[in-house]
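**Student:**
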Amino acid sequence: MNQSYPNKNTSFKIAFIQARWHADIVDEARKSFIDEIKAQAANNVEVDVFDVPGAYEIPLHAKTLAKTGKYAAIVGAAFVVDGGIYRHDFVASAVINGMMQVQLETEVPVLSVSLTPHHFHDSKEHRDFFFAHFKVKGVEAAHAAMQILSERSRITTMA
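Going left to right, the sequence shown walks through residues 163 to 321 as the working numbering numbers them.
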């Protein structure tokens, strides 16, 4: 895929909101996201990391951050699994819908690394799989963030 990125002379900030349920797995997305953003944007990007208790709190935090006007994009990362009080598919749907609503209302891109597996067992095999999967998703989110920021920059210069 041919990806264009914002001008390397332009500096900007990205907020990365991470749920703390299954923090060790979610942290893999954050680490790979930051590494890839730094590789693509040199030192012209600053990533501020924010912790929230769970996935359900991400949309409100994203909206609060978007309204500050300090962030060019926001990323929300969570691992929503079955087994709690709430049905995980309902939680995941509410989170994704909330994140979409935030970006439509604030015009700040909000990207998701909020994943809901069909099955998760706290076994070494599953943990290893999701550790690796979240690393990949962090890199993909970095590419998506850079691409959407580039496109938004292009639209702005057209006006």
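Glycine included, each C-beta is placed from N, C-alpha and C at the ideal position.
Inspect the beta-carbon positions of Ile-220 and Val-211 and report whether they are closer than 9 Å.
**Tutor:** No. Outside cutoff.
**Student:** Report yes or no: do three or more beta-carbon pairs, one from the region 292-302 and one from the region 186-193, lie closer than 8 Å?
**Tutor:** Enough Cβ pairs lie closer than 8 Å, so yes.
**Student:** Is the beta carbon of Ser-285 less than 9 Å from the beta carbon of Val-242?
**Tutor:** Result no, Cβ atoms of Ser-285 and Val-242 do not sit closer than 9 Å.
**Student:** Which term fits Ala-204, buried or exposed, when burial requires 16 or more other beta carbons within 10 angstroms of its beta carbon?
**Tutor:** Flag for Ala-204 reads exposed.
**Student:** Starting from the Cα of Ala-177, find the closest Cα among Val-207, Ile-199 and Tyr-233 and give me that residue.
**Tutor:** Nearest option by C-alpha distance: Tyr-233.
**Student:** Reducing DSSP to helix, strand and coil, say where Gly-216 ends up.
**Tutor:** It is coil, neither helix nor strand.
**Student:** Taking the alpha carbon of Pro-271 as the point to measure from, which residue in Arg-289, Ala-303, Ser-255 and Ala-254 has its own alpha carbon closest?
**Tutor:** Measuring from the Cα of Pro-271, the nearest candidate turns out to be Ala-303.
**Student:** Relative to the alpha-carbon of Thr-226, which residue among Val-264, Met-308, Ala-185 and Ala-306 has its alpha-carbon at the smallest distance?
**Tutor:** Answer by Cα proximity: Val-264.
**Student:** Name the residue from Phe-195, Ala-240 and Lys-175 whose alpha carbon lies nearest to the alpha carbon of Ala-181.
**Tutor:** The option with the nearest alpha carbon to Ala-181 is Ala-240.
**Student:** Any heavy atom of the ligand MN closer than 8 Å to the Cβ of Asp-251?
**Tutor:** Within the structure as shown, the ligand MN is missing, as the structure has no ligands at all.
**Student:** Going by the beta-carbon positions, is the gap between Ala-307 and Leu-266 smaller than 9 Å?
**Tutor:** No, the pair does not count as a contact, with Cβ atoms beyond the cut-off.
**Student:** Taking the C-alpha atoms as reference points, what is the distance between Arg-300 and His-184?
**Tutor:** Rather than Arg, the amino acid found at residue 300 in this sequence is Gly. Computed Cα separation, rounded: 15 Å.
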